[in-house]
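Just add 777 to wherever you are in the sequence shown, counting from 1, and you've got the working numbering.
C-beta atoms are modelled at their ideal positions from N, C-alpha and C, and glycine is treated no differently.
Just so you know, these numbers come straight off a predicted model, no measurement behind them.
Worksheet: the structure to be examined is printed underneath.
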Amino acid sequence: MLATNIVTGSITNIFYVTNTTPSQLNFTKSGYYTVNDATTPIEVYPGVSVTLRVESFNFNPSTLTIDGGTANSGNVVMYIEGGSITLGGNSAGGASGNRPENLYIYGLPAVTSITLSGNSSFVGAIYAPEAALNLNGGGGANNLMGAAVVKSVTLNGHYDFHYDTYLGQNQNGTFVVKSWQEL
């Protein structure tokens, strides 16, 4: 049974979560939070919607898990203030097992680099128009499912990119494919 209304870490006020040394940030209650740790795993429980303001200059959580599957998924909207974003390793990242609309990552203008690597898939939407997106895959089923609005994209190894058409129809209406070039 999942605990309710608990966020692992120390809370300095209702809108701020600091990481003092927890092994994971567990979001069990919907709300707006500020995260200032770059590497602690993040987990969002089923049915919970969180907006995260990430102050870490180089955001690199060891895992980002959104629980609940396609029926009762958690939802994350993340604003990264600057530096780089790295999601990697050999496990699924983002809204894997869910739908792309369950994870939106907004890289503010100071975000210059986003790297997805390892033998993992990413499910979500990325909007970081000043960032270079590097997809570094080495195995079989590395995928980016969703959308990405970035300055440039570099593919290293095996990566499949699948645009999810629902993202152009949802309430944000932000991600619409205007053109592409097949290689």
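Per DSSP, what kind of secondary structure is threonine 828 in: helix, strand or coil? Strand at threonine 828.
Can you list, in chain order, the residues of its chain whose CB lies under 8 Å from that of aspartate 844, leaving out five sequence neighbours each side? Within the same chain, aspartate 844 has close Cβ partners Glu820, Val821, Tyr822, Pro823, Ser850 and Gly851.
Nearest-angstrom Cβ-Cβ length linking tyrosine 755 and tyrosine 904, presumed shorter than 8 Å: It is not possible to answer for residue 755, since the shown part of the chain is limited to 778 through 960.
Let's test the definition: count the other Cβ atoms within 10 Å of the Cβ of threonine 816 and tell me whether it reaches 16, buried, or not, exposed. Exposed, since its Cβ has fewer than 16 Cβ neighbours within 10 Å.
Nearest CA to the CA of serine 839: which residue from Ser800, Gly874, Ile857 and Met855? It is Ser800.
Out of Ser929, Ser826, Pro818 and Gln946, state which residue places its alpha-carbon closest to the alpha-carbon of alanine 908. Per the Cα distances, Ser929.
Take the Cβ of alanine 924 as the centre, count every other Cβ of all protein chains shown within 10 Å, and call the residue buried at 16 or more, exposed below. Buried, because 16 or more other Cβ atoms sit within 10 Å of the Cβ of alanine 924.
Work out the CA separation of isoleucine 891 and glycine 859 for me, nearest whole Å. For the pair glycine 859 and isoleucine 891, the Cα-to-Cα distance works out to about 11 Å.
Give me, in chain order, the residues of the same chain whose beta-carbon lies closer than 7 Å to that of threonine 847; leave out the 5 immediate sequence neighbours on both sides. Only Asn875 and Arg876 meet the Cβ criterion.
Can you tell which of Lys806, Asn837 and Val927 has the C-alpha that lies nearest to the C-alpha of valine 853? The shortest C-alpha separation from valine 853 is found at Lys806.
Tell me, please, which residues DSSP counts as bridged to asparagine 920. DSSP, once it has assigned bridges, lists Asp937 as partnering asparagine 920.
Taking the straight line between their C-alpha atoms, what separation do you get for glycine 808 and leucine 829? Their backbone Cα atoms lie some 9 Å apart in a straight line.
Could you give the first and the last residue of the continuous beta strand (DSSP E) run that contains alanine 908? Its beta strand (DSSP E) spans residues 899 to 914.
Among the residues of its own chain, which have a CB less than 7 Å from the CB of glutamine 946, if the five just before and after it don't count? The answer is none, since no qualifying residue turns up.
Shortest alpha-carbon distance to leucine 841 belongs to which of Glu832, Ser833, Thr863 and Leu885? It is Thr863.
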